[in-house]
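Protein chains in written order, with our numbering: chain A, 9 to 402; chain B, 9 to 402.
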């Protein structure tokens, strides 16, 4: 008996993403990094905006206040939370105040803090497949059970299937719009119907079913697509986000939870997320990064850059015969796997030095994910391989 | 059903430290912060050393390498881990290499990552009381059960009681030297005996019992007291530390796990902590802070400053009649509670505007903790109150 048997098993069955990453590293070693087209990781090639660097330097130059690297309330610096609350209030019209905000170690930290605050052993968490594979692990971390619910062909919530999946054990539903891995954005009418469904279902089961809205891609939306706030359509919503994608800061681990101010349990949720942030060992989100991002809430993401990549990639693959729901945000394509077997097709793509992730890794076999947050030249040079790969199966 | 019933209960029974903190905040509001002597929190008043600020500014001025805020291996930046491994190798003579190091979100993150990697449901973790109260919560987070084992009158490991507490379910023992809350430092002979005991016990139960050595106070030792590395006395040791105390950076959440290079399971532990760092939602330790602390491993803590505080506080309280094991490190005193009832005495101290934490909060009733990482004037002005408080009980 060395390491945990449970962890040992989980590692064996672990994320395809990381597995592909390692195989990619090997392929790059053999062929040279420039000759491998790696679409496996949602790690933005885009650098943080100049405003980030400027703000960081300005803080360090100006600030001699004692205690700036010290402990703080577990939910984060009050001044930072006030700024974020003000931003969200301006965005949504909802009366967010600092006490509704818990600063977290990225969105991954925020999701764990939230699930720890909500779940008792055996509680069920619904996720709409395809979904970010770590949701299942996060629910399990805190004794919960993830139940995937299929979406429609357009990757939108299937309300009938969702209603059928809700039981008295259902504690929460996680949604993610703009979506990883599909790039789909949930429009207002979908969120309206979803909100209605959750109100009715909560009444039926006799307790609030929380909507956990994982929104790190909110600012990356194309063709002027509006990204409505799910919080506006259902009051028992926890908005969770990070600045990993919009400010390209994934390594700095900075994000937050925003509890709907009108949620039945707003105060209890705030107290609980403050507590679980501590007991999970995060203690608080990194202090310096809290202060930096507080003033960058209005900073836009590099939407034009990502849209250029999508407009390079999506039409070309479609022209080759790939079937793809056109993404309206984030930086992923989720095509159907030609031949139907996603694992086989992803293995086949390696013949052309292309790395992708099978849809199986997102609870949705038969598709594969391409993360196109890469240099345009990588997309361009990969196209010939994609063409040949689908032709091989014709 | 709103928040988790389990969390709701845990909050009710929660850490005395935080409770005292809130009462302290109230008292400060009433009396003015300068007039309350708050010894409840291990939040250093000492600012980070100048070398920290210099390094941070230098990094920002010099560095234009792309990807410095991007994702990275979950265990952290390889260059950073190489520097830390080199430092530990120089300190201990053990063949640490980068792959033995997992960068973590502080020591609290490191403890959770380690326990998640080690524990299966029902596994037992031993801790020597008095101990940092969060150990129990951390073990519970991952399905483990904390079993406190009393120490000797001098707060050193009681080897007989420890041996008696070990069962086939025992997976790990957590130690903490220099110790919170006692300030005790474990000398070589104690660690030698402890290592021998663990070797024998591991053979007896048929699996390695891991020694988790929580060492954030290593650099804060007085009177030139040597702080031996537990890793030198037992190979199945995981050293866990942070720079919260030695560099006064608790808000920045930066620390690491160092796996003993000769541990039976070194490679499996490294893979598992990489994995659990990810699945717990930490993902990786904050990138910028990793790079800052990599070059500050040799930086000394403000030992003289803390020793001055101890030498102001300990003799005075002893002269008033308080019974205290003289601390050799960290920044805590753990006196016996006059009258024997720690909760009653801590409440009594409030009469003199003194805030302390009952030993009950450290699994050891009958004592109380004073965190003296405060301004010297706070210690000086508090003394009269301490004198009166013990006289009241005479």
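Think of the CB as a built atom: it goes at the ideal place given N, C-alpha and C, for glycine as much as any other residue.
Report yes or no: is there a C-beta of chain A within less than 8 angstroms of the C-beta of residue 79 of chain B? The sequence position of residue 79 of chain B within the second chain is 71, counting from 1. Interface flag for residue 79 of chain B against chain A is set, since a Cβ pair is found closer than 8 angstroms.
Roughly how many whole angstroms lie between the Cα atoms of residue 2 of chain B and residue 309 of chain A? Because chain B is modelled from 9 through 402, residue 2 of chain B falls outside the range shown and cannot be assessed.
Skipping 5 residues on each side, what residues in its chain have a beta carbon closer than 7 angstroms to that of residue 338 of chain A? Here the question's residue 338 of chain A lines up with position 330 in the first chain. Counting only Cβ-Cβ distances below 7 angstroms, and skipping sequence neighbours, we find 186, 187, 188, 191, 225 and 228.
For a contact defined as C-beta to C-beta under 7 angstroms, what are the partners of residue 248 of chain A on chain B? The residue labelled residue 248 of chain A in the question sits at position 240 within the first chain. Under the 7 angstroms cutoff, chain B gives no residues; its nearest Cβ is about 11 angstroms from residue 248 of chain A.
Helix, strand or coil at residue 258 of chain B [DSSP, three-state]: Taking the second chain and counting its residues from 1, the one referred to as residue 258 of chain B is at position 250. Of the three classes helix, strand and coil, the one that applies to residue 258 of chain B here is helix, per DSSP.
Given residue 295 of chain A as reference, the closest of A:286, A:163, A:112 and A:16 once Cα atoms are compared: The residue labelled residue 295 of chain A in the question sits at position 287 within the first chain. Minimum Cα distance to residue 295 of chain A is reached at A:112.
Assigned secondary structure, residue 73 of chain B (DSSP; H/G/I helix, E/B strand, else coil): Locating residue 73 of chain B in the second chain gives position 65, counting from the first residue. If DSSP states are grouped into helix, strand and coil, residue 73 of chain B belongs with coil.
Shorter than 8 angstroms from the beta carbon of residue 47 of chain A to some beta carbon of chain B? Here residue 47 of chain A refers to the residue found at position 39 of the first chain. Not closer than 8 angstroms to any Cβ of chain B, the Cβ of residue 47 of chain A fails to qualify, so no.
Provide the residue(s) that pair with residue 80 of chain B in DSSP beta bridges, ordered along the chain. For the purposes of this step, residue 80 of chain B is taken as the residue at position 72 of the second chain. None, per the DSSP bridge assignment.
According to a CB-to-CB cut-off of less than 7 angstroms, which residues of the region 283-294 of chain A neighbour chain B? For the region 283-294 of chain A, residues whose beta-carbon sits nearer than 7 angstroms to a beta-carbon of chain B comprise 283, 284, 287, 288, 289, 290, 291, 292 and 294.
For residue 114 of chain A, would you say it is in contact with chain B, using Cβ-to-Cβ distances shorter than 8 angstroms as the test? Translated into positions along the first chain, residue 114 of chain A becomes position 106. Interface residue, yes.
Which residues, in order along the region 140-153 of chain B, keep a beta-carbon less than 9 angstroms from a beta-carbon of chain A? 142, 145, 146, 148, 149, 150 and 151
Is residue 399 of chain B helix, strand or coil by DSSP? As a first step, residue 399 of chain B is located in the second chain; it is residue number 391 there, counting from the start. Residue 399 of chain B falls in the helix class under three-state DSSP.
Measuring alpha carbon to alpha carbon, tell me which residue in B:124, B:74 and B:81 is nearest residue 110 of chain B. Sequence index remark: in the second chain, residue 110 of chain B carries index 102 (1-based). Among B:124, B:74 and B:81, the Cα nearest to that of residue 110 of chain B is on B:81.
Alpha carbon to alpha carbon, what distance is there between residue 266 of chain A and residue 314 of chain B? What you label residue 314 of chain B is simply residue 306 of the second chain in a count that begins at 1. What you label residue 266 of chain A is simply residue 258 of the first chain in a count that begins at 1. Whole-angstrom Cα-Cα distance: 39 angstroms.
Presumed contact (8 angstroms Cβ cut-off) between residue 321 of chain A and residue 138 of chain A, rounded CB distance: Taking the first chain and counting its residues from 1, the one referred to as residue 321 of chain A is at position 313. Taking the first chain and counting its residues from 1, the one referred to as residue 138 of chain A is at position 130. Actually they do not touch by this definition, with Cβ atoms about 18 angstroms apart.
Roughly how many angstroms lie between the CA atoms of residue 125 of chain A and residue 281 of chain A, to the nearest whole one? Start at 1 with the first residue of the first chain, and residue 125 of chain A comes out as number 117. Start at 1 with the first residue of the first chain, and residue 281 of chain A comes out as number 273. About 6 angstroms.
Test: residue 12 of chain A CB closer than 8 angstroms to a CB of chain B: Here residue 12 of chain A refers to the residue found at position 4 of the first chain. Judged by the 8 angstroms Cβ criterion, residue 12 of chain A is in contact with chain B.
Jot down the residue ranges of each uninterrupted alpha helix (DSSP H) in the region 323-364 of chain B, minimum 4 residues, whole runs only, in chain order. 350-357
Starting from the C-beta of residue 394 of chain B, find all residues in its chain whose C-beta is less than 8 angstroms away, skip the five residues before and the five after it, and write them out in chain order. For the purposes of this step, residue 394 of chain B is taken as the residue at position 386 of the second chain. 324, 325, 328, 330, 357, 360 and 362, listed in sequence order.
May I ask you to report which of helix, strand or coil DSSP gives residue 190 of chain A? Counting from one through the first chain, the residue named residue 190 of chain A turns up at place 182. In this structure, residue 190 of chain A counts as coil in the three-state DSSP scheme.
Opening and closing residue of the beta strand (DSSP E) in which residue 16 of chain B lies: As a working mapping, residue 16 of chain B is identified with position 8 in the second chain. First-last for residue 16 of chain B: 13-20, but that is the alpha helix (DSSP H), not the beta strand (DSSP E).
According to DSSP, residues forming a beta bridge with residue 376 of chain B: Start at 1 with the first residue of the second chain, and residue 376 of chain B comes out as number 368. Bridge partners of residue 376 of chain B: B:366.
Considering just the uninterrupted stretch of the beta strand (DSSP E) at residue 265 of chain B, what are its terminal residues? If you number the second chain from 1, residue 265 of chain B lands on position 257. Per DSSP, residue 265 of chain B belongs to the beta strand (DSSP E) from 263-267.
Listed in chain order, which residues of the region 50-66 of chain A have Cβ atoms closer than 9 angstroms to some Cβ of chain B? 50, 51, 52, 53, 55, 56, 60, 61, 64 and 65
Nearest-angstrom Cβ-Cβ length linking residue 244 of chain B and residue 13 of chain A, presumed shorter than 8 angstroms: Here residue 244 of chain B refers to the residue found at position 236 of the second chain. Here residue 13 of chain A refers to the residue found at position 5 of the first chain. About 17 angstroms; that fails the 8 angstroms criterion.
For residue 203 of chain B, decide whether its Cβ has a neighbour in chain A, counting only Cβ atoms nearer than 8 angstroms. As a working note, residue 203 of chain B is residue 195 in the second chain. By this cut-off, residue 203 of chain B is not an interface position.
Please state whether DSSP places residue 143 of chain B in a helix, a strand or coil. On the second chain, residue 143 of chain B is found 135 positions in, with the first residue counted as 1. Helix, per DSSP.
Same chain, Cβ closer than 6 angstroms to residue 96 of chain B, five either side skipped, listed in chain order: For the purposes of this step, residue 96 of chain B is taken as the residue at position 88 of the second chain. 104 and 266.
So within the region 192-218 of chain A, which uninterrupted alpha helix (DSSP H) runs reach at least 4 residues, ignoring any that extend past its ends? 196-213
Spatial distance of residue 340 of chain B from residue 272 of chain A (CA atoms): Position 332 of the second chain, counting from 1, holds the residue named residue 340 of chain B. Position 264 of the first chain, counting from 1, holds the residue named residue 272 of chain A. Taking the straight line joining both Cα atoms gives about 42 angstroms.
Neighbouring residues, chain B, relative to residue 92 of chain A (Cβ below 7 angstroms): For the purposes of this step, residue 92 of chain A is taken as residue 84 along the first chain, with counting starting at 1. Listed by position along chain B, the residues whose Cβ is nearer than 7 angstroms to that of residue 92 of chain A form an empty set, because the closest Cβ is around 17 angstroms away.
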